[in-house]
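*Asks:* Quick note on numbering: full-length UniProt numbering labels position 342 of the sequence shown as 342, and the sequence is numbered without any gaps. Built from N, CA and C at the ideal position, the CB exists for glycine as well.
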Amino acid sequence: MSHFFITTPIYYVNAQPHLGHAYTTIVADCLARFHRLKGEDTLFLTGTDEHGDKIVQSAEKQGKSPQAFVDAISAQFRALWPQLGIANDRFVRTTDADHKARVRQFLQKVYDAGDIYFGEFGGHYCYGCERFYTEKELENGLCPQHLTKPEFISEKNYFFRMSKYLPWLREHILANPDFIRPERYRNEVLAMLESGALEDLCISRPKSRLTWGIELPFDTDYVCYVWFDALLNYISALGWPDGPDYPRYWPGEHLVAKDILKPHAVFWPTMLKAAGLPLYRHLNVHGYWLVRDTKMSKSLGNVVDPLAMSKEFGLDAFRYFLLREMHFGSDASFSEESIVTRINADLANDLGNLYSRVLSMTAKYCEGRTPACGTFNEDDRAIADLCLTALQNFVQLFGGTQFSQALESLWELVRACNKYVDSQAPWALFKQGDMARLNTVMHVLLTAMRKVALCLWPVMPQSAAAMLSQLGQPADGDTPPACDLEQESREFAGLAAGAPLAAASNLFPRIDVAARAKAAEAAARAEKEKNKAEKAAQKAKAAPAPAEPAAEISFEHFKAADLRVGTVRVCERHPNADRILRLEIDFGEGQPRQILSGLAEYFAPEELVGRQVCAVLNLAPRKIRGLVSHGMVLTAEQEGRLVLLQPGGPMPDGSRIG
Ligand code: MSP
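(1) Below 6 Å, is the gap between the Cβ of M296 and the nearest heavy atom of the ligand MSP?
(2) Once DSSP output is grouped into helix, strand and coil, what is the label at E552?
(3) Which whole-angstrom value is the C-beta distance of S299 and Q594, which I expect to be below 8 Å?
(4) So what's A547 in DSSP terms, helix, strand or just coil?
(5) Any heavy atom of the ligand FMN closer than 6 Å to the beta-carbon of Y246?
(6) With a 10 Å radius around its C-beta and 16 neighbouring C-beta atoms as the bar for buried, classify residue 687 as buried or exposed.
(7) Would you call the CB atoms of L617 and R564 closer than 7 Å?
(8) Using only alpha-carbon positions, find the residue among E606, G610, C571, E589 that is nearest to S597.
(9) What distance in whole Å lies between the Cβ atoms of E253 and H282, which are believed to be in contact at a cut-off of 8 Å?
(10) Ends of the beta strand (DSSP E) at G47?
(11) In angstroms, rounded to a whole number, what distance separates the CA positions of A32 and F4?
(12) Kindly indicate the opening and closing residues of the beta strand (DSSP E) around N439.
(13) In the DSSP output, which residue or residues are listed as bridge partners for K156?
(14) Can you tell me whether P575 is buried or exposed? The criterion is at least 16 other CB atoms within 10 Å of its CB, across all chains shown.
(15) Assign residue 661 to one of two classes, buried (16 or more other C-beta atoms within 10 Å of its C-beta) or exposed (fewer than that).
(16) Provide the residue(s) that pair with Y222 in DSSP beta bridges, ordered along the chain.
(17) Just checking D53 against the ligand MSP - is the residue's beta carbon closer than 6 Å to any of the ligand's heavy atoms?
(18) Taking the beta strand (DSSP E) that C614 falls in, what are its first and last residues?
(19) How long is the line joining the alpha carbons of Q638 and F603, rounded to whole angstroms?
(20) So, using beta-carbon positions, are residue 659 and A265 closer together than 7 Å?
(21) Tell me the DSSP secondary structure of D578 in three-state form.
(22) Are the CB atoms of L347 and Q83 within a distance shorter than 7 Å?
(23) In chain order, what residues of the same chain have a beta carbon less than 7 Å from the beta carbon of F430, not counting five sequence neighbours either side?
(24) How far does the beta strand (DSSP E) with K623 in it reach, from first residue to last?
(25) What's the C-alpha gap between P605 and G128?
(26) Tell me whether the segment 105-123 and the segment 50-59 touch, counting them as touching only if at least three CB pairs, one residue from each stretch, are closer than 8 Å.
(27) Could you tell me if F321 is buried or exposed, where buried requires 16 or more neighbouring beta carbons within 10 angstroms of its beta carbon?
(28) Given 8 Å as the limit, is there contact between the segment 227-239 and the segment 133-153, that is, 3 or more CB pairs closer than that?
(29) Check whether the segment 401-413 and the segment 516-528 are in contact - that is, three or more C-beta pairs closer than 8 Å.
(30) Select from Q392, E521, F218 the residue whose C-alpha is nearest the C-alpha of L454.
(31) Is it buried or exposed, W168, if we count other Cβ atoms within 10 angstroms and call 16 or more buried?
(32) In angstroms, rounded to a whole number, what distance separates the CA positions of T370 and G400?
(33) Measure from the alpha carbon of T24 to the alpha carbon of each residue in K535, D221, F44, then state which is nearest.
(34) Is the beta carbon of Y355 sitting closer than 7 Å to the one on S505?
(35) So, do the segment 419-427 and the segment 357-364 have three or more beta carbon pairs nearer to each other than 8 Å?
(36) How far does the beta strand (DSSP E) with L642 in it extend, from its first residue to its last?
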């Protein structure tokens, strides 16, 4: 029996799970189900990455201990997956005692082999990325991810002799064209290897700077670099080196997005090689989900909640959309309109309609049972041939992570079946009393429909099970339907005559676009009214204020306000509010902060970029027309004139006012 082991990245627990995490995990689930359907011994692993600076900072912000903090968010990830139909076999946490022990074993092994050494190192450290950058990697002296100036840190650390294995890695990638796929990412890695920018990897952090990590087995003053620790989850979860699952499932394949290509394509294979372990089979790399062509981010307030989407549109329809809409490897843009379009076109019009009309006709004309099949004419043979080709393509493309193309291949068949219904006109055959021909036509359709349902089981387990049950082959969403996919794509058969069929099918109801638009309009109107009322109330409250001196506050009260100087990096109009500008302001926090301000009447956005401003940072975040503001820019206003408060001379970003 062949074995299949699939993994997702283990997610950082400093953010709530969102559409991006859900996509990778749903894809992994679909692949795992596909291999289970093929009868392979399959193991699907996901989990959470819980060490490092960022986690400590997030825990501190919430006033929690790192352990309490990671326990809570890891539990959220774990609880979400079943709600998205995800059936992972294992969930690994890097704070598991077992994982920690295996990481220490691995470190010791590579250390004993002489591939870890102690050295002095000066580097540009970005706290946002938790890593050192070489001069060459910086862009105009700034971190390419965060556009902030990294801190130059010089300290003694442990290094993994990664550079020793880079020529070998290049050869391996050249000799194995689908080791990293799709090809664009393979080329990216080859370019990285040929650039000469890669050096040995710093794999420790002194405890004086960070304690939240796995202690090195050969030096108690240091903890392990978070990536070196995290990558090892892929084998620690299998019980490497002595657990029975390790030889059973390794080597497996990984699924990641393009953001973490380098650690998976360079660090990880060289780590495995240094420890004398076999490499993974494939690194499957996908693109990013954007929201209306903008990066999803908490500070922009445009993070998509996958659970809400699955509740609104139906879990299976949501899963189908994700796999069909994104061409694996490229970025894709998410919007509710595109889900609605896909559901109405592919699921309601094509697939749902096929099931609904064929089953109601078999109920009417064939006593609700699978009719016997007669001799095929040319039209029947064309459908049968198309069906087998579609299945062969589906199996090959799906297994090779080309999900969108695999589904498209299946839909060519679905659409052809609908046309075949039109051209064969079973209602006319019935009228003419040509039962032999009618029976054959219905048999051809039902046979093709069953094969479509089998292929869809990995993507839409509940709907596919319902489809099979409607065809008289009871199935459920948890257990793969019994079949031999290879055989299914070679033989146009699979239904016994006489089996009872459902009399009706309403799998994917059409979404009423006009009604949705109306409801959205009404909601927007209600929000507008609410804002108006709030503003009026505020105005009424604020009206007498200018004449009277403000009430006294204590010194402590004033000190509680976090007032800072920052530089405007980005400034643009709020997409949904005319009077508001959206600013990204650098307060030296590692990442610019989004602040919304009613400045649009006074300033053109380009006037503000590069200017220093003063702002209050610790105001509670406020959502304004879909975007979240994390603070308030200070201004002075008198009789329609407005000026921005600025320091008298340039000050470092983040300087405290008070
Ligand atoms: N902890 C590391 C991974 C260690 S694996 C040994 C990490 N975690 S993460 O929480 O940042 O997750 C990154 C992954 O989340 C991406 O590689 C991708 O799988 C998923 N996504 C996060 N945002 C995404 C999009 N906007 N679009 C698609 N997937 C994205 O990196």
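*Replies:* Taking the geometry as given:
(1) yes
(2) coil
(3) 4 Å
(4) Unreliable placement is indicated for A547, whose pLDDT of 49 sits below 50; the coordinate value is still reported in the next sentence. In the three-state DSSP reduction, A547 falls in the helix class (H, G or I).
(5) Looking for the ligand FMN in the displayed structure turns up nothing; the ligands present are the ligand MSP.
(6) No answer is possible for residue 687: it lies beyond the span of the chain, which begins at 1 and ends at 658.
(7) Yes. Within cutoff.
(8) Comparing Cα-Cα distances from S597 to each of E606, G610, C571, E589, the minimum goes to C571.
(9) With a Cβ gap of about 4 Å, H282 and E253 count as contacting.
(10) 41-49
(11) Each residue's Cα considered, the two are about 8 Å apart.
(12) Here N439 belongs to no beta strand (DSSP E); instead the alpha helix (DSSP H) covers 435-456.
(13) E120
(14) When all chains shown are included, P575 counts as exposed.
(15) Any property of residue 661 remains undetermined from this structure, which presents the chain solely from 1 to 658.
(16) P206
(17) No, the Cβ of D53 stays beyond 6 Å of every heavy atom of the ligand MSP.
(18) 612-616
(19) 16 Å
(20) Because the chain is modelled from 1 through 658, residue 659 falls outside the range shown and cannot be assessed.
(21) DSSP, reduced to helix, strand and coil, places D578 within a strand of the structure shown.
(22) no
(23) Y365, L438
(24) 622-624
(25) Going by the C-alpha atoms only, they are around 27 Å apart.
(26) no
(27) buried
(28) Judged by Cβ distances under 8 Å, the segment 227-239 makes no contact with the segment 133-153, as fewer than three pairs qualify.
(29) no
(30) Q392
(31) exposed
(32) Within the model, the alpha-carbon separation for T370 versus G400 is close to 35 Å.
(33) F44
(34) yes
(35) yes
(36) 641-644
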